[in-house]
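Written below as structure tokens is the structure these notes are about.
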Amino acid sequence: MIYKNTRFSKTLNVLVGALVFALGTSAGTFYLQDTLFVFIQFNSYAHWAAVLIGLPILMGLIQRLIKIVYPLFSTLIGTFISAAVLYPLYGSRFWAEPPQLLDMLIYILIVSGIGFLASQPLRTTFLAAFRIKRSSPSKPAKTSKPAAKSAPKKIDGTRTQRVSRPASSDRSVVALIELSVGLISLALSIFSIFFLGSG
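See the structure below:
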């Protein structure tokens, strides 16, 4: 998605991503629940895996493909919209008993976490997340007596390194948090699949 670097265009980009994510997850879930296609062809575990893992991964990849600037906000907003659409349908059409509020919160956590994780380049996320374990405060490098002309370059380079290290460390922390949220959502989805599939 091509956009200009303005606040309005970024906001519009996030909203478009949220609507695409909400439309894909809600329409896909409605189709799977209404037709029970995967359930009939395979089993209940495959059905819930498609709802809780397959659809969020697919929509997360689409978010990455259309280059959403802030996929975290898009997936969160889109999941809330999807939950608001699907919640009454589960109560009136899909389930004999309406779902509880806790069910909707778990759905939001699972779908948004997996969708966001799928929207990120996994190799970059893993490398940035695990780089924080290897990073440690290093001692300033010993400098030999520089020539008068090269002194400003070395001073500038030292300053640049001192400024860029915290930024790199911050990115590693953020990547570690993102990866943790995604893995927690994935673990929760697996538990939910076995719980709902056996019910």
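Sequential numbering of the sequence shown, starting at 1117, is according to the numbering used here.
No residue lacks a Cβ here, since even glycine has one placed at the ideal position from N, Cα and C.
Query: Boundaries of the alpha helix (DSSP H) in which Ala1199 is found, first to last residue; Result: 1187-1205
Query: Residue from Tyr1223, Gly1231, Leu1131, Trp1164 with nearest C-alpha to Phe1310; Result: Trp1164
Query: N-terminal and C-terminal residue of the alpha helix (DSSP H) that Trp1164 is part of; Result: 1160-1165
Query: Rounded separation between Ile1341 and Ser1125 - CA only; Result: Past the boundaries of the shown model lies residue 1341; the chain is included only from 1117 to 1315, so the question cannot be answered.
Query: Rounded Cβ spacing between Ala1138 and Gly1194 (contact assumed at less than 8 Å); Result: 4 Å
Query: Own chain residues within Cβ distance below 8 Å of Ile1173, not counting five before or after; Result: Ile1230, Gly1231, Ala1234
Query: Under 8 Å between C-beta atoms of Phe1066 and Gln1157; Result: This structure leaves residue 1066 out entirely; the chain is present only between 1117 and 1315.
Query: Between the CA atoms of Gly1176 and Val1297 - distance to the nearest angstrom; Result: 15 Å
Query: Cα-Cα separation, Asp1152 to Ser1208; Result: For the sequence presented, residue 1152 should be read as Leu rather than Asp. If you take the alpha carbons of Leu1152 and Ser1208, they lie about 16 Å apart.
Query: Beta-carbon gap between Gly1133 and Ile1197 smaller than 8 Å; Result: no
Query: Selection from Ala1162, Leu1188, Leu1302, Ile1182 that minimises the alpha carbon distance to Gly1313; Result: Ala1162
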